[in-house]
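Engineer:
Right, here's the structure in full:
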(Lines of atoms letter the chains of each structure in order from A; the text may use other names.)
(Lines give C-alpha, C1' and ligand atoms only; values in the text may rest on other atoms or scores of the structure.)
Protein backbone atom coordinates (compact mmCIF):
# COMPACT_ATOMS: atom_id res chain seq x y z
CA UNK A 407 0.00 0.00 0.00
CA UNK A 408 1.45 3.35 -1.05
CA UNK A 409 1.74 6.20 1.43
CA UNK A 410 -0.71 8.34 -0.57
CA UNK A 411 -3.45 5.67 -0.42
CA UNK A 412 -2.87 5.16 3.31
CA UNK A 413 -2.97 8.89 3.92
CA UNK A 414 -6.20 9.24 1.95
CA UNK A 415 -7.89 6.43 3.91
CA UNK A 416 -6.66 7.88 7.20
CA UNK A 417 -7.98 11.32 6.32
CA UNK A 418 -11.36 9.85 5.36
CA UNK A 419 -11.56 7.92 8.64
CA UNK A 420 -10.70 11.02 10.64
CA UNK A 421 -13.34 12.99 8.76
CA UNK A 422 -16.01 10.37 9.52
CA UNK A 423 -14.95 10.32 13.17
CA UNK A 424 -15.10 14.11 13.38
CA UNK A 425 -18.57 14.15 11.85
CA UNK A 426 -19.71 11.45 14.30
CA UNK A 427 -18.29 13.31 17.28
CA UNK A 428 -19.86 16.53 16.09
CA UNK A 429 -23.24 14.84 15.87
CA UNK A 430 -22.89 13.67 19.49
CA UNK A 431 -21.92 17.08 20.85
CA UNK A 432 -23.96 18.37 23.79
CA UNK A 433 -26.27 21.29 23.09
CA UNK A 434 -27.20 23.65 25.93
CA UNK A 435 -29.85 26.34 25.80
CA UNK A 436 -30.68 28.63 28.71
CA UNK A 437 -34.41 29.06 29.24
CA UNK A 438 -36.60 31.18 31.49
CA UNK A 439 -37.06 29.50 34.89
CA UNK A 440 -40.79 30.23 34.69
CA UNK A 441 -41.16 28.46 31.35
CA UNK A 442 -43.14 25.21 31.51
CA UNK A 443 -41.13 22.31 30.06
CA UNK A 444 -42.24 18.67 30.23
CA UNK A 445 -39.68 16.19 28.93
CA UNK A 446 -40.54 12.84 30.50
CA UNK A 447 -43.98 13.46 31.96
CA UNK A 448 -42.59 12.91 35.45
CA UNK A 449 -43.02 15.29 38.39
CA UNK A 450 -40.98 18.43 37.73
CA UNK A 451 -40.34 21.96 39.00
CA UNK A 452 -43.52 23.32 37.42
CA UNK A 453 -45.64 20.74 39.26
CA UNK A 454 -43.93 21.58 42.56
CA UNK A 455 -44.50 25.31 42.18
CA UNK A 456 -48.09 25.08 40.94
CA UNK A 457 -49.20 22.57 43.58
CA UNK A 458 -47.57 24.44 46.47
CA UNK A 459 -48.98 27.80 45.34
CA UNK A 460 -52.55 26.49 44.93
CA UNK A 461 -52.55 24.53 48.17
CA UNK A 462 -51.11 27.41 50.20
CA UNK A 463 -53.67 29.76 48.69
CA UNK A 464 -56.36 27.36 49.88
CA UNK A 465 -55.01 26.87 53.42
CA UNK A 466 -54.68 30.63 53.94
CA UNK A 467 -58.29 31.18 52.87
CA UNK A 468 -59.78 28.81 55.47
CA UNK A 469 -61.39 29.65 58.81
CA UNK A 470 -58.62 28.25 61.04
CA UNK A 471 -56.34 31.20 60.28
CA UNK A 472 -58.86 33.92 61.11
CA UNK A 473 -60.06 32.03 64.20
CA UNK A 474 -56.54 31.68 65.57
CA UNK A 475 -55.50 35.25 64.78
CA UNK A 476 -58.64 36.66 66.41
CA UNK A 477 -58.44 34.53 69.56
CA UNK A 478 -54.66 34.75 70.10
CA UNK A 479 -54.14 38.30 68.81
CA UNK A 480 -51.11 37.21 66.80
CA UNK A 481 -50.06 35.29 63.70
CA UNK A 482 -49.83 31.50 64.01
CA UNK A 483 -46.42 29.82 63.87
CA UNK A 484 -46.21 26.85 61.50
CA UNK A 485 -43.62 24.11 61.13
CA UNK A 486 -43.35 21.63 58.26
CA UNK A 487 -43.23 18.03 59.39
CA UNK A 488 -42.66 15.02 57.15
CA UNK A 489 -43.88 15.14 53.57
CA UNK A 490 -43.54 11.54 52.38
CA UNK A 491 -42.94 10.55 48.78
CA UNK A 492 -45.07 7.43 48.24
CA UNK A 493 -44.98 7.72 44.46
CA UNK A 494 -43.42 5.44 41.85
CA UNK A 495 -40.65 7.91 41.06
CA UNK A 496 -37.96 9.96 42.73
CA UNK A 497 -39.33 13.33 43.82
CA UNK A 498 -37.19 15.95 45.51
CA UNK A 499 -39.44 16.53 48.53
CA UNK A 500 -37.09 19.18 49.92
CA UNK A 501 -37.73 21.40 46.91
CA UNK A 502 -41.48 20.95 47.32
CA UNK A 503 -41.30 21.79 51.04
CA UNK A 504 -39.29 24.92 50.23
CA UNK A 505 -42.01 25.96 47.78
CA UNK A 506 -44.62 25.47 50.52
CA UNK A 507 -42.68 27.52 53.04
CA UNK A 508 -42.04 30.34 50.59
CA UNK A 509 -45.70 30.55 49.57
CA UNK A 510 -46.87 30.79 53.20
CA UNK A 511 -44.14 33.15 54.41
CA UNK A 512 -44.67 35.51 51.48
CA UNK A 513 -48.34 35.78 52.43
CA UNK A 514 -47.28 37.73 55.58
CA UNK A 515 -50.12 36.01 57.44
CA UNK A 516 -48.21 33.23 59.21
CA UNK A 517 -44.78 32.73 60.76
CA UNK A 518 -42.58 29.72 60.05
CA UNK A 519 -40.52 27.85 62.64
CA UNK A 520 -37.27 26.16 61.60
CA UNK A 521 -37.38 22.42 61.00
CA UNK A 522 -35.90 19.90 63.45
CA UNK A 523 -32.70 19.64 61.39
CA UNK A 524 -32.35 23.42 61.14
CA UNK A 525 -33.08 23.88 64.85
CA UNK A 526 -30.30 21.50 65.84
CA UNK A 527 -27.77 23.44 63.80
CA UNK A 528 -28.92 26.71 65.35
CA UNK A 529 -28.78 25.22 68.86
CA UNK A 530 -25.19 24.15 68.23
CA UNK A 531 -24.41 27.72 67.22
CA UNK A 532 -25.98 29.08 70.43
CA UNK A 533 -23.89 26.65 72.49
CA UNK A 534 -20.81 27.95 70.74
CA UNK A 535 -21.89 31.53 71.47
CA UNK A 536 -22.17 30.70 75.17
CA UNK A 537 -18.43 30.03 75.17
CA UNK A 538 -17.10 32.41 72.55
CA UNK A 539 -19.46 35.33 71.85
CA UNK A 540 -19.51 38.64 73.70
CA UNK A 541 -22.31 38.90 76.22
CA UNK A 542 -23.93 41.81 74.36
CA UNK A 543 -24.37 39.66 71.23
CA UNK A 544 -24.86 36.25 72.85
CA UNK A 545 -28.23 34.58 72.16
CA UNK A 546 -29.64 32.75 75.20
CA UNK A 547 -30.90 29.18 75.21
CA UNK A 548 -34.55 28.50 75.99
CA UNK A 549 -36.00 31.43 74.04
CA UNK A 550 -37.14 29.59 70.93
CA UNK A 551 -40.56 30.25 69.44
CA UNK A 552 -42.79 27.20 69.60
CA UNK A 553 -44.93 26.20 66.63
CA UNK A 554 -48.72 26.28 66.85
CA UNK A 555 -49.37 24.03 63.84
CA UNK A 556 -47.56 21.32 61.91
CA UNK A 557 -47.98 20.75 58.18
CA UNK A 558 -47.63 17.12 57.08
CA UNK A 559 -48.40 15.32 53.85
CA UNK A 560 -47.86 12.66 51.18
CA UNK A 561 -47.29 12.52 47.43
CA UNK A 562 -48.83 9.51 45.64
CA UNK A 563 -48.96 8.35 42.03
CA UNK A 564 -51.01 5.98 39.90
CA UNK A 565 -49.46 4.90 36.59
CA UNK A 566 -51.65 3.41 33.84
CA UNK A 567 -50.04 2.40 30.55
CA UNK A 568 -51.02 0.74 27.30
CA UNK A 569 -48.62 0.45 24.39
CA UNK A 570 -47.01 3.81 23.72
CA UNK A 571 -49.50 5.71 25.88
CA UNK A 572 -49.02 6.35 29.59
CA UNK A 573 -51.33 8.11 32.04
CA UNK A 574 -49.58 9.54 35.10
CA UNK A 575 -51.79 10.59 38.01
CA UNK A 576 -50.37 12.53 40.96
CA UNK A 577 -52.18 13.23 44.22
CA UNK A 578 -50.76 15.50 46.91
CA UNK A 579 -52.43 15.43 50.34
CA UNK A 580 -51.50 17.93 53.05
CA UNK A 581 -52.82 18.20 56.60
CA UNK A 582 -52.41 21.06 59.07
CA UNK A 583 -52.50 19.83 62.68
CA UNK A 584 -52.82 21.87 65.86
CA UNK A 585 -49.95 21.04 68.23
CA UNK A 586 -52.02 22.11 71.23
CA UNK A 587 -54.71 19.45 70.87
CA UNK A 588 -53.93 17.35 67.74
CA UNK A 589 -56.91 18.77 65.83
CA UNK A 590 -56.73 18.65 62.05
CA UNK A 591 -57.68 22.20 61.16
CA UNK A 592 -57.18 21.90 57.40
CA UNK A 593 -56.90 19.09 54.85
CA UNK A 594 -55.85 19.98 51.33
CA UNK A 595 -55.66 17.88 48.19
CA UNK A 596 -54.30 18.60 44.73
CA UNK A 597 -54.44 16.25 41.73
CA UNK A 598 -52.45 16.31 38.49
CA UNK A 599 -53.07 14.08 35.47
CA UNK A 600 -50.64 13.79 32.55
CA UNK A 601 -51.10 11.90 29.28
CA UNK A 602 -47.71 10.91 27.86
CA UNK A 603 -47.20 9.63 24.30
CA UNK A 604 -43.85 8.09 23.41
CA UNK A 605 -42.31 6.03 20.66
CA UNK A 606 -40.82 3.80 23.38
CA UNK A 607 -41.74 3.65 27.08
CA UNK A 608 -39.43 2.50 29.84
CA UNK A 609 -41.20 1.28 32.97
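Numbering (my numbering), first residue to last: 407 to 609. Think of the CB as a built atom: it goes at the ideal place given N, C-alpha and C, for glycine as much as any other residue.
Where DSSP assigns a beta bridge to residue 391, which residues make up the other side?
Structural biologist: No answer is possible for residue 391: it lies beyond the span of the chain, which begins at 407 and ends at 609.
Engineer: Near residue 540, which residues of its chain fall below 8 Å by C-beta distance, leaving aside the five closest residues on each side in sequence?
Structural biologist: Same-chain partners within the cutoff: there are none.
Engineer: So, is residue 593 buried or exposed, given that buried needs 16 or more other C-beta atoms within 10 angstroms?
Structural biologist: Answer is exposed; the Cβ neighbour count stays below 16.
Engineer: Go ahead and label residue 564 buried or exposed: buried means 16 or more other beta carbons lie within 10 angstroms of its beta carbon, across all protein chains shown.
Structural biologist: Flag for residue 564 reads exposed.
Engineer: Between the segment 471-489 and the segment 510-529, do three or more beta carbon pairs fall short of 8 Å?
Structural biologist: Enough Cβ pairs lie closer than 8 Å, so yes.
Engineer: I'd like the ranges of any beta strand (DSSP E) spanning at least 3 consecutive residues and lying wholly in the segment 482-553.
Structural biologist: Entirely contained in the segment 482-553, the beta strand (DSSP E) runs reaching 3 residues are, in chain order, 483-491.
Engineer: Would you call the segment 575-582 in contact with the segment 545-565, where contact means no fewer than 3 C-beta pairs closer than 8 Å?
Structural biologist: The segment 575-582 is in contact with the segment 545-565.
Engineer: Checking 8 Å against the spacing of the C-beta atoms, do residue 482 and residue 471 come in under that value?
Structural biologist: Going by C-beta atoms, residue 482 is nearer than 8 Å to residue 471.
Engineer: For residue 480, which of 574, 553, 589 and 567 has the nearest alpha-carbon?
Structural biologist: The shortest C-alpha separation from residue 480 is found at 553.
Engineer: Just tell me which of 588, 576, 591 and 572 has its CA closest to the CA of residue 604.
Structural biologist: Looking at the Cα atoms, 572 is the closest of the given residues.
Engineer: CB-CB under 7 Å to residue 465, same chain, minus the five flanking residues each way: which ones, in chain order?
Structural biologist: The answer, listed in chain order, is 582, 592 and 594.
Engineer: Determine the extent of the beta strand (DSSP E) in which residue 601 is found, giving its start and end residues.
Structural biologist: Start and end: 590-603.
Engineer: Identify the residues that DSSP records as bridge partners of residue 566: which are they?
Structural biologist: Beta-bridge pairing links residue 566 to 573.
Engineer: For the segment 531-539 against the segment 499-513, do three or more pairs of beta-carbon atoms, one drawn from each stretch, fall closer than 8 Å, so that the two count as touching?
Structural biologist: At 8 Å Cβ cutoff, the stretches do not touch.
Engineer: In chain order, what residues of the same chain lie with their CB nearer than 6 Å to the CB of residue 577, ignoring the 5 residues before and after it?
Structural biologist: Here the set comprises 562 and 597.
Engineer: Can you name, in chain order, every residue of its own chain whose Cβ lies under 8 Å from the Cβ of residue 507, other than the five neighbours on each side?
Structural biologist: For residue 507, where only same-chain residues beyond five positions count, the Cβ hits under 8 Å are 486 and 518.
Engineer: Which term fits residue 528, buried or exposed, when burial requires 16 or more other beta carbons within 10 angstroms of its beta carbon?
Structural biologist: When all chains shown are included, residue 528 counts as exposed.
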